[in-house]
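*Asks:* The listed protein sequences correspond, in order, to chains Y and L. Using my numbering, count along the first sequence one by one with no gaps and you end on 244. Using my numbering, count along the second sequence one by one with no gaps and you end on 288. My questions will all concern the structure given below.
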Amino acid sequence: MDITSDIHSQHISRQFNHELEELKTHLMAMGGLVEKQVQDAVRALLDGDSTLAGQVVDNDRAVNDMQIKIDDECTRVLARRQPAASDLRLVLAVIRAASDLERIGDEASKIARNAGELIESNNGTRGFVEVRIISEHVRKMVRDALTAFARFDTELALKVVQEDDQVDSEYQTAMRSLMTFMMEDARAISPVLSIMWILRALERIGDHANNLAEYVVYLVKGLDIRHTDPDDLDQDMLGEG
Amino acid sequence: MPVMREARPARGAFIDFEPEATSLEIRGFGLRYGDKPALNDLTLRVPRHRVTAFIGPSGCGKSTLLRALNRLHDLNEEVVQQGEIRLEGRDIHAPEVAVAELRRRVGMVFQAPNPFPMSIYDNVAFGLRLQGGLSKRRRDDIVEWALRSAALWDEVKDRLRASAWSLSGGQQQRLVIARTLAVGPEVLLLDEPASALDPISTLKVEELIRNLKASLTLVLVTHNMQQAARVSDYTAFLHNGELVEYAPTDTLFTNPRLARTENYITGRMA
């Protein structure tokens, strides 16, 4: 049975409704913060803004705190309510999603640290175009995955899953072109390595967005599509979940 | 107010599995008390040597169905039944089936423990004495076996002559189960067997249910959904005298197919 995004407000116990709504609200707040962290980390690099890079690194603590808070709330709901069916799937999906958001936060912080070093060494803008293109792509994936979560929208979630392959191939192309920079000019090795770390972090963010989207499908349809070939997914989704 | 989509039309039950071996088969079974319908056209199979739970709100017909399985409605003249119930392929209402024999094969345990006003030993030996033909030695062996099977032997072996009423509620319920086991049933029907018990006694009865399925088919009626989730292999959800959804317990409690089931097990039904 497919469920809709307001299913968690229909319990006889209004307190239970409230607790589940809070879980979703807090997850979305965490998602918003993480999205901004990624955006700021990339902007710090492209604008050469080392203050902003420092802020992103500092803010990671707030992301971690939010994960702990959400995990606590989920533990309480499990212990006190023994949720079943869609309620159980919501709690599990929120726990997993919070964990992936926290990892996205870590990657944003990594990007910001590398950006800080690059800004200090003042070594040109090699690879910035690649960073801009891939970062826009993965930020859209994160945003769409969170929107899909908020709206219980499996179609949008599926799009995110299918986009991950594209990011992976963009990442491979960028890596190849950066490799040639290093071969051409030994002095470029250090700054280009930093850019490579940044691209690697962005590619990982795409993977986490992909995970978030998979949890949406689990939440709404009760289907676990992890480790399923994205090309086979349409078939699966057509079946009644 | 959102309307949740039904995976199937509202009419007709959603049955999500094929039992490997069937103990009880219910076919097109209906029951009414006078003009008042209680069960409507139920068809389901109860798998052998598994625990099957019937859940549903009060008045959904789950206890009525359970009682029909060993013909407890026979003496109620108001009751009109239709359809078939088959035990190991044979209609339990067939003229050649004796009710006493049916009830030996299909035992029943009720909500409130109901030991007879006699000793612990005599309670368990009661059915054996009715059947007759056993030596005292043989009877002693069966009483011990039944009490061990009901996980009660260690607690009562030194006071078998004491009154059954000296036992705690949880012990009384296990004594009743031992009394039922002593006559060698194939099926054990349990009607809210733990709802009058404290949490520890409840866990003991649940553990017992799990152990008994190696040799028995168990059917459990409960309004405690966590209990159904803990002990049963299959769960049937009944509502308004109809079977709504019947599935492996793991599926029913994580991903039910119908909105009516989802609403009930997650506490969304007024």
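Even for Gly, the Cβ is constructed at its ideal location relative to N, Cα and C.
(1) Could you check which residue in L:G202, L:G145, L:S184, L:P75 has the C-alpha nearest to that of S167 (chain L)?
(2) So with CB distances below 8 Å, who are the chain Y contacts of N141 (chain L)?
(3) CA-CA distance, P135 (chain L) and Q190 (chain L)?
(4) Where DSSP assigns a beta bridge to K54 (chain L), which residues make up the other side?
(5) Counting only beta-carbon atoms, is M185 (chain Y) nearer than 8 Å to chain L?
(6) Quick one: measure Cβ to Cβ for L206 (chain L) and L165 (chain L), integer angstroms, because I've assumed they're closer than 8 Å.
(7) Rounding to the nearest angstrom, what Cα-Cα distance links R23 (chain L) and D232 (chain Y) in this structure?
(8) When the Cα of K27 (chain Y) is compared with those of Y:D235, Y:V219, Y:I228, which residue comes out closest?
(9) Under three-state DSSP, which class holds A31 (chain L)?
(10) Could you check what DSSP says for L226 (chain Y) in three-state terms: helix, strand or coil?
(11) Just by C-beta distance, which residues in the segment 214-236 of chain Y are closer than 9 Å to chain L?
(12) In three-state DSSP terms, what is V124 (chain L)?
(13) At least one CB of chain Y closer than 8 Å to the CB of T235 (chain L): is that the case?
(14) At a CB-CB cut-off below 8 Å, which residues of chain Y make contact with P274 (chain L)?
(15) Of all Cβ atoms in chain L, is any one closer than 8 Å to the Cβ of L26 (chain Y)?
(16) Starting from the beta carbon of G245 (chain L), find every residue of chain Y whose beta carbon is closer than 7 Å, and list them in chain order.
(17) So, under 8 Å CB-CB, G35 (chain Y) and D63 (chain Y) are touching, yes? Tell me the CB distance rounded to an integer number of Å.
(18) Assuming V87 (chain L) contacts I103 (chain L) under a Cβ cut-off of 8 Å, what Cβ separation, rounded to an integer in Å, is found between them?
(19) Does any CB atom of chain Y fall closer than 8 Å to the CB of G285 (chain L)?
(20) With a Cβ-Cβ cutoff of 8 Å, do E120 (chain Y) and S197 (chain Y) count as a contact?
(21) Can you tell me where the alpha helix (DSSP H) holding I3 (chain Y) begins and where it ends?
(22) To which residues does DSSP link S322 (chain L) through a beta bridge?
(23) Might you give, ordered along the chain, the residues of its own chain that have their beta carbon closer than 8 Å to the beta carbon of I73 (chain Y), omitting 5 neighbours on each side?
(24) G34 (chain Y) by DSSP, collapsed to three states: which one?
(25) So, helix, strand or coil for T128 (chain Y), using DSSP?
(26) Kindly say whether A182 (chain L), judged by its beta-carbon, lies nearer than 8 Å to any beta-carbon of chain Y.
(27) N117 (chain Y) to Y264 (chain L), Cα distance in whole Å?
(28) Decide yes or no for the touch test of the segment 186-197 of chain Y against the segment 71-89 of chain Y: beta carbon pairs closer than 8 Å, at least 3 of them.
(29) Please report how far the alpha carbon of R66 (chain L) lies from the alpha carbon of L170 (chain L), in whole angstroms.
(30) By a C-beta neighbour count over all protein chains shown, 10 Å radius and 16 as the cutoff for buried, is P133 (chain L) buried or exposed?
(31) Taking the straight line between their C-alpha atoms, what separation do you get for E173 (chain Y) and N281 (chain L)?
(32) Since P217 (chain L) is in the alpha helix (DSSP H), which residue starts that stretch and which ends it?
(33) Where does Q189 (chain L) sit, in a helix, a strand or coil, going by DSSP?
(34) Chain Y partners of F255 (chain L), CB-CB under 9 Å?
(35) Beta-carbon of R79 (chain Y) versus every beta-carbon of chain L: anything under 8 Å?
(36) If you run the structure through DSSP and keep just helix, strand and coil, what is A130 (chain L)?
*Replies:* Result, derived from the coordinates:
(1) Of L:G202, L:G145, L:S184, L:P75, the residue nearest in Cα terms is L:G202.
(2) Within chain Y, no residue comes near N141 (chain L); the closest Cβ sits about 36 Å away, beyond 8 Å.
(3) Between P135 (chain L) and Q190 (chain L), the alpha-carbon positions lie close to 12 Å from each other.
(4) In the DSSP assignment, the residues bridged to K54 (chain L) are L:Y51.
(5) no
(6) The pair is not a contact, with the Cβ atoms about 16 Å apart (cut-off 8 Å).
(7) Note that R23 (chain L) scores a pLDDT of 40, beneath 50, so its modelled location is shaky; the value from the coordinates is reported in the next line. Taking the straight line joining both Cα atoms gives about 28 Å.
(8) Y:V219
(9) DSSP, reduced to helix, strand and coil, places A31 (chain L) outside both helices and strands of the structure shown, so it counts as coil.
(10) coil
(11) K224, G225, L226
(12) strand
(13) no
(14) M4, A88
(15) Contacts with chain L at 8 Å (Cβ-Cβ) do not include L26 (chain Y).
(16) Gly is not the amino acid found at residue 245 (chain L); the sequence shown has Gln there. Under the 7 Å cutoff, chain Y gives no residues; its nearest Cβ is about 11 Å from Q245 (chain L).
(17) Not quite, the Cβ-Cβ distance comes to about 15 Å (not below 8 Å), so this is no contact.
(18) The sequence given here places Leu at residue 87 (chain L); Val does not occur at that position. Yes, they are in contact, since the Cβ atoms of L87 (chain L) and I103 (chain L) sit about 6 Å apart, within 8 Å.
(19) yes
(20) Yes. Within cutoff.
(21) Beyond the ends of chain Y as shown, which are 4 and 244, falls residue 3 (chain Y); an answer cannot be given.
(22) With chain L covering only 19 through 288, there is no way to say anything about residue 322 (chain L).
(23) L26, H29, L30, M33, V97, I98, A101
(24) helix
(25) coil
(26) no
(27) 57 Å
(28) no
(29) 25 Å
(30) buried
(31) When rounded, the separation of the alpha-carbon atoms in E173 (chain Y) and N281 (chain L) is 45 Å.
(32) 217-230
(33) helix
(34) For a Cβ distance threshold of 9 Å, nothing in chain Y lies close to F255 (chain L): the least Cβ distance comes to about 11 Å.
(35) No, R79 (chain Y) does not count as interfacial toward chain L.
(36) coil
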